[in-house]
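Trainee: Here it is, the structure in full.
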Amino acid sequence: MRRTSLLAVFLHLLSAGDYADAKSAAPRILKTRKITYSCGKLRHPYGLHFSILTDCLGDWRKKKRNLSRLCTPTIVAEIMVSALPSGLHDMLWTQYRLDNVSVIDEMARSLQTVDYSVSMRRALWLKRMTKKGKNVCWPDEPDFTPDDFQEFGGTLAALLVQPVTPANKTVIRRRYQTLPPGFLARNRIHYIYKAAYDYGAVWSMHEDWRHYGIIGLPSYASLQTMRDEFDTWGGRVGRLLMASMRDQYECDYHRGCVDEPRMGRAYQPWDYRALLDLWLHCVSNISPLAFTFGDVQKAPNTLWISL
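Quick note: the sequence shown uses this note's numbering, first residue 1, plus one each step.
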């Protein structure tokens with residue numbers, strides 16, 4: 001049975017001409033069998049001061065006209081970017097072809113895109129972590145690109161993860177909870193591949209989220225429990241799964257959705273438990289799963305959830 005949102009069809013007709021203007025970079029296809037991580041210490045910006053960050057952001061919030069050359073978005077972005085470990089800069093170049101100037105430009109655009117409070121919290125996080133001499137980690141070959149997020153600050157927040165701890169049973173790298181995450185890009189296909197995390201380790205915990213009773217009926221963790229769990233996961237996958245945990249679902253695909261999972265067809269879950277079932281099915285079978293937020297021009301050929 002197909003379920004089509006009239007609003008989705010209408011929006012598709014309105015936006016059909018906009019696809020040519022949208023970012024056309026294809027989703028990143030992982031060639032590695034497993035994501036590995038490198039770590040490094042945050043650095044104090046050479047010749048610059050963190051106080052400029054909070055002063056400038058405070059002036060921007062109050063809409064003060066600060067003519068100082070040290071209060072431009074580019075200078076503020078340079079301070080934030082300069083604090084990142086050199087190894088992370090190396091990865092941004094080898095994987096994304098972003099040199100230092102490009103990273104600063106992307107961060108400056110991010111500062112002008114997101115709400116002031118988000119920029120301030122990100123700046124304060126960098127300042128605090130750098131002063132403490134903290135190590136941060138990042139994937140050597142990420143399963144996502146900057147095109148997967150609405151702004152570059154969100155990309156950085158997804159890249160930066162905590163060093164692994166023995167208590168981390170899933171072998172999922174945890175994000176920094178006090179570093180504001182970004183929003184995933186709409187009108188784009190987001191894949192979860194087997195290399196994104198240790199499928200076996202994740203599957204070993206599936207009974208924490210869904211288990212079967214004596215008579216064979218499934219029992220699920222609450223929606224809030226699942227949101228809280230996925231919100232701690234680093235990388236793009238954590239944001240995908242957390243964003244997919246919803247009270248209700250609508251079909252945004254212009255050709256409509258199906259109410260049973262099928263290869264290459266947009267699936268609209270009845271509730272979060274149906275989505276969990278499909279995700280766990282893909283985990284147990286080590287198969288890819290696609291997610292979309294909003295309409296897309298070309299359908300993926302895998303199992304696919306339309307959000």
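By construction, the Cβ of each residue, glycine as well, lies at the ideal position given by its N, Cα and C atoms.
1) Across which residues does DSSP place Trp-203 in a beta bridge pair?
2) Does the Cβ-Cβ distance between Tyr-272 and Ser-306 come in under 7 Å?
3) Provide the residue(s) that pair with Asn-135 in DSSP beta bridges, ordered along the chain.
4) With DSSP as the reference, identify every bridge partner of Pro-218, one or two as the case may be.
5) Hey, how far is the Cα of Trp-209 from the Cα of Cys-251?
6) Quick check: what's the CA-CA separation for Gln-297 versus Asp-148?
7) Please classify Ile-214 as buried or exposed, where buried requires at least 16 other C-beta atoms within 10 Å of its C-beta.
8) Would Val-101 and Leu-92 be called neighbours here (beta carbons separated by less than 7 Å)?
9) Leaving out five residues before and five after Leu-179 in sequence, what residues of the same chain have Cβ atoms less than 6 Å from its Cβ?
10) Which full runs of the alpha helix (DSSP H) of 4+ residues lie inside the region 218 to 292, going along the chain?
11) Ser-117: buried (16+ other C-beta within 10 angstroms of its C-beta) or exposed?
12) Output the distance between the C-alpha atoms of Ser-24 and Asp-295, rounded to the nearest integer angstrom.
13) Hey, quick one: how far does the alpha helix (DSSP H) through His-89 stretch, first residue to last?
14) State the start and end residues of the unbroken alpha helix (DSSP H) segment that holds Leu-111.
15) What is the rounded straight-line gap between the Cα of Leu-280 and the Cα of Gly-264?
16) If the criterion is Cβ atoms closer than 7 Å, does the pair Leu-53 and Ala-108 meet it?
17) Could you check whether the region 131 to 138 touches the region 192 to 200, counting it as contact only if at least three pairs of C-beta atoms, one from each stretch, sit closer than 8 Å?
18) If the criterion is Cβ atoms closer than 7 Å, does the pair Arg-227 and Met-245 meet it?
19) Quick one: Cα of Lys-127 to Cα of Leu-276, how far?
20) Excluding five sequence neighbours on each side, which residues of the same chain lie with their C-beta closer than 6 Å to the C-beta of Thr-232?
21) Leaving aside the five residues before and after Lys-34 along the sequence, list all residues of the same chain whose C-beta is less than 6 Å from its C-beta, in chain order.
22) Would you kindly report the start and end of the unbroken alpha helix (DSSP H) that includes Ile-79?
23) Quick one: Cα of Ala-20 to Cα of Asn-301, how far?
24) Hey, how far is the Cα of Thr-113 from the Cα of Pro-261?
25) Please give me, in chain order, every unbroken run of the beta strand (DSSP E) with length at least 3 that falls completely inside the region 148 to 193.
26) Cα separation between Trp-304 and Glu-207?
27) In this structure, what does DSSP give as the bridge partners for Cys-304?
28) Is Gly-35 helix, strand or coil by DSSP?
29) Do you know how far the Cα of Pro-146 is from the Cα of Gln-95?
30) With DSSP run on the structure shown, which of helix, strand or coil describes Phe-50?
Mentor: Considering the structure as presented:
1) As a first step, residue 203 must be located in the sequence shown, where it is residue number 203. Answer is none; Trp-203 lacks a bridge partner.
2) Here residue 272 is taken as the residue at index 272 of the sequence shown, counted from 1. Here residue 306 is taken as the residue at index 306 of the sequence shown, counted from 1. No; because the gap between Cβ atoms is not below 7 Å, this pair is not in contact.
3) Stepping through the sequence shown from its first residue, residue 135 is reached at position 135. For Asn-135, which the question treats as bridged, DSSP gives the partners Lys-41.
4) Here the question's residue 218 lines up with position 218 in the sequence shown. Bridge partners of Pro-218: Tyr-212.
5) Within the sequence shown, residue 209 is the residue found at index 209, counting from 1. Within the sequence shown, residue 251 is the residue found at index 251, counting from 1. In a straight line, the C-alpha of Trp-209 is about 25 Å away from that of Cys-251.
6) Translated into positions along the sequence shown, residue 297 becomes position 297. Translated into positions along the sequence shown, residue 148 becomes position 148. Roughly 16 Å separates the two Cα atoms.
7) Residue mapping note: residue 214 aligns to position 214 of the sequence shown, counting from 1. With fewer than 16 Cβ atoms within 10 Å of its Cβ, Ile-214 is classed as exposed.
8) To locate residue 101, count along the sequence shown from 1; it is residue 101. To locate residue 92, count along the sequence shown from 1; it is residue 92. Not closer than 7 Å, so no.
9) On the sequence shown, position 179 is the one that residue 179 refers to. Same-chain partners within the cutoff: Trp-125 and Ala-157.
10) Here the runs fully enclosed are 223 to 231, 235 to 244 and 272 to 285.
11) Mapped onto the sequence shown, residue 117 falls at position 117. Result: exposed.
12) Counted from its first residue, the sequence shown places residue 24 at position 24. Counted from its first residue, the sequence shown places residue 295 at position 295. Any reading at Ser-24 must be qualified, since the residue scores a pLDDT of 47, below 50, and its modelled position is unreliable; the value itself is stated next. A straight-line Cα-Cα distance of about 14 Å links Ser-24 and Asp-295.
13) Here residue 89 is taken as the residue at index 89 of the sequence shown, counted from 1. Where His-89 is concerned, the enclosing alpha helix (DSSP H) stretches over 86 to 96.
14) Start at 1 with the first residue of the sequence shown, and residue 111 comes out as number 111. Taken as a continuous stretch (DSSP letters only), the alpha helix (DSSP H) holding Leu-111 covers 100 to 113.
15) Looking up residue 280 in the sequence shown gives position 280. Looking up residue 264 in the sequence shown gives position 264. Rounded to the nearest angstrom, the two C-alpha atoms are 18 Å apart.
16) Residue 53 sits at position 53 when you count from the first residue of the sequence shown. Residue 108 sits at position 108 when you count from the first residue of the sequence shown. No, these two residues do not count as a Cβ contact at 7 Å.
17) no
18) Sequence index remark: in the sequence shown, residue 227 carries index 227 (1-based). Sequence index remark: in the sequence shown, residue 245 carries index 245 (1-based). Going by C-beta atoms, Arg-227 is nearer than 7 Å to Met-245.
19) Sequence index remark: in the sequence shown, residue 127 carries index 127 (1-based). Sequence index remark: in the sequence shown, residue 276 carries index 276 (1-based). Rounded to whole angstroms, Lys-127 to Leu-276 spans 38 Å at the Cα level.
20) Start at 1 with the first residue of the sequence shown, and residue 232 comes out as number 232. The residues are Arg-174.
21) Along the sequence shown, read from residue 1 onward, the residue named residue 34 stands at position 34. Within the same chain, Lys-34 has close Cβ partners Ala-195.
22) Locating residue 79 in the sequence shown gives position 79, counting from the first residue. Counting along the chain, the alpha helix (DSSP H) containing Ile-79 begins and ends at 73 to 82.
23) The residue labelled residue 20 in the question sits at position 20 within the sequence shown. The residue labelled residue 301 in the question sits at position 301 within the sequence shown. Unreliable placement is indicated for Ala-20, whose pLDDT of 36 sits below 50; no coordinate value is reported for it.
24) By 1-based counting over the sequence shown, the position of residue 113 is 113. By 1-based counting over the sequence shown, the position of residue 261 is 261. Rounded to whole angstroms, Thr-113 to Pro-261 spans 36 Å at the Cα level.
25) 189 to 192
26) Position 304 of the sequence shown holds residue 304. Position 207 of the sequence shown holds residue 207. Those two C-alpha atoms are separated by around 23 Å.
27) Counting from 1 along the sequence shown, the entry for residue 304 is found at position 304. Per the sequence shown, the amino acid found at residue 304 is Trp instead of Cys. Answer by DSSP bridge pairing, in chain order: Ala-266 and Ala-290.
28) Here the question's residue 35 lines up with position 35 in the sequence shown. Correcting the residue identity first, residue 35 is Ile in this sequence and not Gly. In the structure shown, Ile-35 sits in coil (DSSP, three-state: anything other than H, G, I, E or B).
29) Taking the first residue of the sequence shown as 1, we reach residue 95 at position 95. Taking the first residue of the sequence shown as 1, we reach residue 146 at position 146. About 11 Å.
30) Along the sequence shown, read from residue 1 onward, the residue named residue 50 stands at position 50. Helix.
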